[in-house]
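Residue numbers (my numbering): 58 to 232.
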């Protein structure tokens, strides 16, 4: 739901209607996956009834939603770049924004997503300390994929801030 709402905010603010087909399938997959997980209707554990857990969830979801936008824009960039290099523009060429707009928007979503996810991870660590007595009391199956994704986007974030990567290379890293 956060991905969908974030997309709607971006659509309202930046008027990039072609972003929807590239981001909304991710939201659909996320919602479908969450419905397949058992445990609906179970009461919340006292461990998660903590302000740090709420902060962790909000920042992590917003960061992941921003990364979903970055991912979608990266795919759009690769498609548009391919259309331009083929010198025979197809149907996508006229529907997608320019490469400059896509690169700029990818940078904006990355500069929002990385700090938000970082704050979510830090709040999760603080929550783990208060709830479990250890900053690193994370479930490895849930934490490692998140940390690997965070590291990849961290490398991209540093590369973009430093001016090392733009365009196609940045789009590939974002995907």
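Where a beta carbon is used, it is the ideal one built from N, C-alpha and C, also for glycine.
Would you report the Cα separation of residue 134 and residue 117, rounded to the nearest angstrom?
Rounded to whole angstroms, the separation of the alpha carbons of residue 117 and residue 134 is 25 Å.
For residue 203 versus residue 119, is the C-beta spacing smaller than 8 Å?
Not a contact, by the Cβ cut-off of 8 Å.
Cα separation between residue 207 and residue 108?
Taking the CA atoms as reference points, residue 207 sits about 23 Å from residue 108.
Residue 171 and residue 210 look like a contact to me (Cβ under 8 Å); what is the Cβ gap, rounded to whole Å?
Contact between residue 171 and residue 210 holds, since their C-beta atoms are separated by about 5 Å, short of 8 Å.
Does the beta-carbon of residue 88 have 16 or more other beta-carbons within 10 angstroms, so that it is buried, or is it exposed?
With a threshold of 16 other beta carbon atoms within 10 Å, residue 88 falls short and is exposed.
Would DSSP call residue 49 helix, strand or coil?
Because the chain is modelled from 58 through 232, residue 49 falls outside the range shown and cannot be assessed.
Pull up the distance between the alpha-carbon of residue 93 and that of residue 176, whole angstroms please.
Approximately 28 Å, taken between the alpha carbons.
Cα-Cα separation, residue 205 to residue 225:
Whole-angstrom Cα-Cα distance: 22 Å.
Looking only at its chain, what residues have a beta carbon closer than 8 Å to the beta carbon of residue 163, apart from the 5 residues adjacent to it on each side?
Exclusion of the five residues before and after residue 163 leaves 127, 130, 131, 134, 227, 228, 231 as the residues of its chain whose Cβ lies within less than 8 Å of its Cβ.
Let's test the definition: count the other Cβ atoms within 10 Å of the Cβ of residue 159 and tell me whether it reaches 16, buried, or not, exposed.
Its Cβ being crowded by 16 or more others within 10 Å, residue 159 is buried.
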